[in-house]
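First the structure, in the form of structure tokens, and then the observations on it.
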Amino acid sequence: MNIVDSSGWFEYFSDSNRADYFSETIESTEKLIVPAITIFEVFKKLLIETNEDKALTAIAYMQLGTIADLDQDLSLLSAKISYENKLPMADSIIYATALKYDATLWTQDKDFKKIKGKIKYFPK
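Going by the numbering used here, the residue at position 2 of the sequence shown is 5; the numbering climbs one at a time, nothing skipped.
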């Protein structure tokens, strides 16, 4: 199973020169877990940078993966991870989701550089 951090989705949807780091993982939707917080982050940024139609189209694609909702147990695990690793809220939710699903996290977010585990980190 795989999770792509919001930074990877941004590269993919903008078809940047870094999109190749994430495209195979994103396109393997049968193995893709999408944390609900990632939908929030991607939709908001695309609303700002493009328009609502393009943002909704992107979210429709993200929904081809399995959406991981934020429930009480995941919230508590995220808070503990945030506290222990000094991670921002969204990052801790994404990482906790990866742990819950035993998924590899694909990211270029430097906050994950110091975290041990199943993380594919691509520095910018």
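For every residue, glycine included, the Cβ atom is placed at its ideal position computed from N, Cα and C.
Margin query: Using CA atoms only, rank isn't needed, just tell me which of Thr100, Leu90, Leu102 and Thr69 is closest to lysine 116.
Written below: Leu90
Item checked: glutamine 66 to lysine 34 span [Cα, whole Å] -> If I take the Cα positions, the gap works out to 12 Å.
Checklist line | From Lys127, Tyr24 and Asp94, residue whose alpha carbon lies closest to that of isoleucine 118 | finding: Asp94
Notebook entry, point to check: Can isoleucine 62 and isoleucine 42 be called in contact, C-beta distance under 7 Å?
Noted result: In contact: isoleucine 62 and isoleucine 42 (Cβ atoms closer than 7 Å).
Note to self: Buried or exposed for asparagine 20, going by 16 or more other Cβ atoms inside 10 Å?
What the structure shows: It is exposed - the Cβ of asparagine 20 has fewer than 16 other Cβ atoms within 10 Å.
Next item on the list: Verify whether the separation of the beta carbon atoms of isoleucine 96 and isoleucine 40 is less than 7 Å.
Entry: yes
Margin query: Buried or exposed for leucine 59, going by 16 or more other Cβ atoms inside 10 Å?
Written below: exposed
Next item on the list: Would you give the residue range spanned by the beta strand (DSSP E) that lysine 123 belongs to?
Entry: The continuous beta strand (DSSP E) containing lysine 123 extends over residues 122-124.
Next item on the list: For tryptophan 109, write down the residues that DSSP places opposite it in a beta bridge.
Entry: Partner(s): Val7 and Lys123.
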